[in-house]
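Peer 1: Got a structure here, written out as structure tokens. Questions coming.
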């Protein structure tokens with residue numbers, strides 16, 4: 548059978564986690580895929596490890612002579628892919644076996660869907676589950692609403708429709724918000740989605756790109772610039788009017804957040820009451836509210852009373868079960884089944 552999915556694996560110094568990532572690709576229940584690995588100047592044995600797996604154990608190829616930044620290498624990989632879909636994965640994360648099976652079915656079922664992500668759980672350097680990833684929004688409407696606070700789709704969990712990505716101009720080299728930028732451009736023309744199922748283990752360690760950017764304080768400025776570039780088209784207002792919400796400095800967060808829901812309702816009618824009772828409206832509104840805005844905090848607390856809270860039990864490997872929390876900062880012990 549010919550491949551329908553290309554794994555996009557850009558990597559620079561991916562050891563010692565790379566073998567586990569490659570093994571998780573090999574273990575997929577969906578088999579119509581190939582791997583495109585792009586080595587961006589590794590010096591730790593990554594290239595040699597890739598060549599031990601590809602193409603001997605994993606169909607595909609390794610590009611070794613064109614090191615680039617993440618955005619540029621991803622754009623080149625999408626261009627060179629020969630398949631309908633492209634699956635993102637980083638060299639330190641671990642797929643669950645049915646990831647592609649679930650995500651390919653979702654894209655096949657909805658031609659308007661340009662990207663589908665999944666719920667993820669965080670693991671540490673040793674692969675142990677130490678932190679909970681709060682529950683991601685799943686519907687297009689909630690994902691667009693979430694853009695005000697950040698990127699709603701975990702990048703390494705994404706399965707992309709290649710034609711749609713090329714149609715909006717492909718990845719751009721806008722470090723470190725390549726994913727946030729692409730999701731916002733896709734949302735202007737297509738639908739986004741997240742499966743309410745854990746399909747990826749996301750590794751958190753000091754050397755990861757995202758953690759390095761957070762530690763260096765280099766994430767907020769490019770995130771804000773990206774948000775302001777696209778917010779006008781997505782929300783139908785002056786982007787500057789949303790700046791204070793994004794920065795968690797609005798004088799009355801609840802009223803500003805209510806206006807965002809109203810702006811989205813004008814563009815696509817699903818019911819304003821339905822929007823403001825959604826888990827995403829309440830959880831993200833609370834996140835965006837500064838400590839001194841007691842009025843907004845009280846109103847979001849009242850909204851929670853009419854919101855049915857859902858703590859989905861999501862199965863992991865070996866029969867273990869994790870409870871994903873809908874609000875950041877609130878944790879429960881891991882349930883073991």
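In our numbering, the protein residues as written are 548 to 884.
Glycine is no exception: its CB is placed at the ideal position from the N, C-alpha and C atoms.
Given the structure is predicted, the values throughout are model-derived calculations rather than measurements.
(1) So does the stretch 665–682 actually touch the stretch 737–753, counting three or more Cβ pairs closer than 8 Å?
(2) What's the C-alpha gap between residue 838 and residue 792?
(3) Is the separation between the beta-carbon of residue 644 and that of residue 576 shorter than 8 Å?
(4) For residue 562, which residues in the same chain have their Cβ closer than 6 Å to its Cβ, ignoring the five residues on either side in sequence?
(5) Could you check what DSSP says for residue 676 in three-state terms: helix, strand or coil?
(6) Between which two residues does the beta strand (DSSP E) holding residue 633 run?
(7) In whole angstroms, what separates the C-alpha of residue 907 from that of residue 629?
(8) Can you check which of these residues, 784, 767, 781, is closest to residue 794 by C-alpha distance?
(9) Between which two residues does the alpha helix (DSSP H) carrying residue 557 extend?
(10) Under three-state DSSP, which class holds residue 727?
(11) Can you check which of these residues, 765, 798, 771, 814, is closest to residue 784 by C-alpha distance?
(12) Hey, how far is the Cα of residue 597 from the Cα of residue 715?
(13) Looking at the C-beta of residue 586, does it have a partner C-beta in chain C at a distance below 8 Å?
(14) Considering just the uninterrupted stretch of the alpha helix (DSSP H) at residue 653, what are its terminal residues?
(15) Using 8 Å as the threshold, is the C-beta distance between residue 840 and residue 799 below it?
(16) Looking at the structure shown, is residue 574 part of a helix, part of a strand, or coil, going by DSSP?
(17) Should residue 717 and residue 625 be called a contact, given that it needs their Cβ atoms to be closer than 8 Å?
(18) Return the chain-ordered list of same chain residues with a C-beta closer than 7 Å to the C-beta of residue 855, the five sequence neighbours on each side being excluded.
(19) Determine the burial state of residue 572: buried for a count of at least 16 other Cβ atoms within 10 Å of its Cβ, exposed for fewer.
(20) By the DSSP assignment, the alpha helix (DSSP H) with residue 823 in it spans what residues?
(21) So residue 770 and residue 727 are supposed to be a Cβ contact under 8 Å. How far apart are they, rounded?
(22) Does DSSP put residue 592 in a helix, a strand or coil?
(23) In the DSSP output, what is residue 666 paired with across the bridge?
(24) Mind pulling the alpha helix (DSSP H) runs of 4 or more residues that sit fully within the stretch 688–725?
(25) From residue 548 to residue 698, what does the alpha carbon distance come to, in whole angstroms?
(26) Suppose the cutoff is 7 Å on Cβ atoms and the five residues either side in sequence are ignored; what does the same chain contact list for residue 632 look like?
(27) Do residue 690 and residue 739 have their beta-carbon atoms positioned less than 8 Å apart in this structure?
(28) Going by CA-CA distance only, name the one from 835, 824, 834 that's closest to residue 849.
(29) Give every residue of the same chain whose Cβ lies closer than 6 Å to the Cβ of residue 569, excluding the five residues on either side of it in the sequence, and list them in chain order.
(30) Let me confirm a value: residue 587 is counted as buried when at least 16 other C-beta atoms fall within 10 Å, else exposed. Which label applies?
(31) For the alpha helix (DSSP H) holding residue 643, just list the boundary residues, first then last.
(32) In this structure, what does DSSP give as the bridge partners for residue 619?
(33) Excluding the 5 residues preceding and the 5 following residue 865 in the sequence, name in chain order all residues of the same chain whose CB lies nearer than 6 Å to its CB.
(34) For residue 693 and residue 555, I'd like the C-alpha separation in whole angstroms.
Peer 2: Short version:
(1) yes
(2) Numbered from 1 along the chain shown, position 291 holds the residue referred to as residue 838. Numbered from 1 along the chain shown, position 245 holds the residue referred to as residue 792. About 14 Å.
(3) Numbered from its first residue, the chain shown carries residue 644 at position 97. Numbered from its first residue, the chain shown carries residue 576 at position 29. Yes, the Cβ-Cβ distance between residue 644 and residue 576 is below 8 Å.
(4) Numbered from its first residue, the chain shown carries residue 562 at position 15. Closer than 6 Å at Cβ, skipping near neighbours: 591, 592, 593.
(5) Sequence index remark: in the chain shown, residue 676 carries index 129 (1-based). The answer is strand: DSSP assigns residue 676 an E or B state.
(6) Counting from one through the chain shown, the residue named residue 633 turns up at place 86. Taken as a continuous stretch (DSSP letters only), the beta strand (DSSP E) holding residue 633 covers 632–635.
(7) Residue 907 lies beyond the range of the chain shown here (548 to 884); nothing can be said about it.
(8) By 1-based counting over the chain shown, the position of residue 794 is 247. Residue 794 has its Cα closest to that of 767, out of 784, 767, 781.
(9) Residue 557 sits at position 10 when you count from the first residue of the chain shown. Run containing residue 557: none in the alpha helix (DSSP H); it sits in the beta strand (DSSP E), 552–558.
(10) The residue given as residue 727 occupies position 180 in the chain shown. Helix, per DSSP.
(11) Taking the first residue of the chain shown as position 1, residue 784 is located at position 237. Of the candidates 765, 798, 771, 814, the one whose C-alpha sits nearest the C-alpha of residue 784 is 814.
(12) Within the chain shown, residue 597 is the residue found at index 50, counting from 1. Within the chain shown, residue 715 is the residue found at index 168, counting from 1. If I take the Cα positions, the gap works out to 31 Å.
(13) Given the protein chain composition of this structure (a single chain), no chain C is represented.
(14) Taking the chain shown and counting its residues from 1, the one referred to as residue 653 is at position 106. Residues 646–656.
(15) Here the question's residue 840 lines up with position 293 in the chain shown. Here the question's residue 799 lines up with position 252 in the chain shown. Yes, they are a contact pair.
(16) Position 27 of the chain shown holds residue 574. DSSP places residue 574 in coil when its eight states are reduced to three.
(17) Here the question's residue 717 lines up with position 170 in the chain shown. Here the question's residue 625 lines up with position 78 in the chain shown. Yes, these two residues count as a Cβ contact at 8 Å.
(18) Locating residue 855 in the chain shown gives position 308, where the first residue counts as 1. Because the pLDDT at residue 855 is just 47, under 50, the model does not fix this residue reliably, and the value given afterwards should be weighed accordingly. The answer is none, since no qualifying residue turns up.
(19) For the purposes of this step, residue 572 is taken as the residue at position 25 of the chain shown. Buried, since its Cβ has 16 or more Cβ neighbours within 10 Å.
(20) The residue you call residue 823 lines up with position 276 of the chain shown. Note, residue 823: alpha helix (DSSP H), 819–823.
(21) On the chain shown, residue 770 is found 223 positions in, with the first residue counted as 1. On the chain shown, residue 727 is found 180 positions in, with the first residue counted as 1. About 6 Å separates the two Cβ atoms, so the contact holds.
(22) As a first step, residue 592 is located in the chain shown; it is residue number 45 there, counting from the start. Coil.
(23) Here residue 666 refers to the residue found at position 119 of the chain shown. Paired residue(s): 745.
(24) 709–714
(25) Taking the first residue of the chain shown as 1, we reach residue 548 at position 1. Taking the first residue of the chain shown as 1, we reach residue 698 at position 151. Near 35 Å, if we compare the C-alpha coordinates of residue 698 and residue 548.
(26) The residue given as residue 632 occupies position 85 in the chain shown. The answer, listed in chain order, is 551, 552, 651, 654, 706, 707, 708, 709.
(27) Along the chain shown, read from residue 1 onward, the residue named residue 739 stands at position 192. Along the chain shown, read from residue 1 onward, the residue named residue 690 stands at position 143. Yes, Cβ-Cβ distance for residue 739 and residue 690 is below 8 Å.
(28) As a position in the chain shown, residue 849 is number 302, starting the count at 1. Of the listed residues, the one whose Cα sits closest to residue 849 is 824.
(29) As a working mapping, residue 569 is identified with position 22 in the chain shown. 600, listed in sequence order.
(30) Numbered from 1 along the chain shown, position 40 holds the residue referred to as residue 587. Buried, because 16 or more other Cβ atoms sit within 10 Å of the Cβ of residue 587.
(31) Locating residue 643 in the chain shown gives position 96, where the first residue counts as 1. First-last for residue 643: undefined, no H or E at that position.
(32) Within the chain shown, numbered from 1, the residue matching residue 619 stands at position 72. Bridge partners of residue 619: none, in fact.
(33) Locating residue 865 in the chain shown gives position 318, where the first residue counts as 1. Residue placement at residue 865 is poorly supported in this model, since its pLDDT is 42, which falls under 50; the coordinates are not used for a value here.
(34) The residue labelled residue 693 in the question sits at position 146 within the chain shown. The residue labelled residue 555 in the question sits at position 8 within the chain shown. Their backbone Cα atoms lie some 25 Å apart in a straight line.
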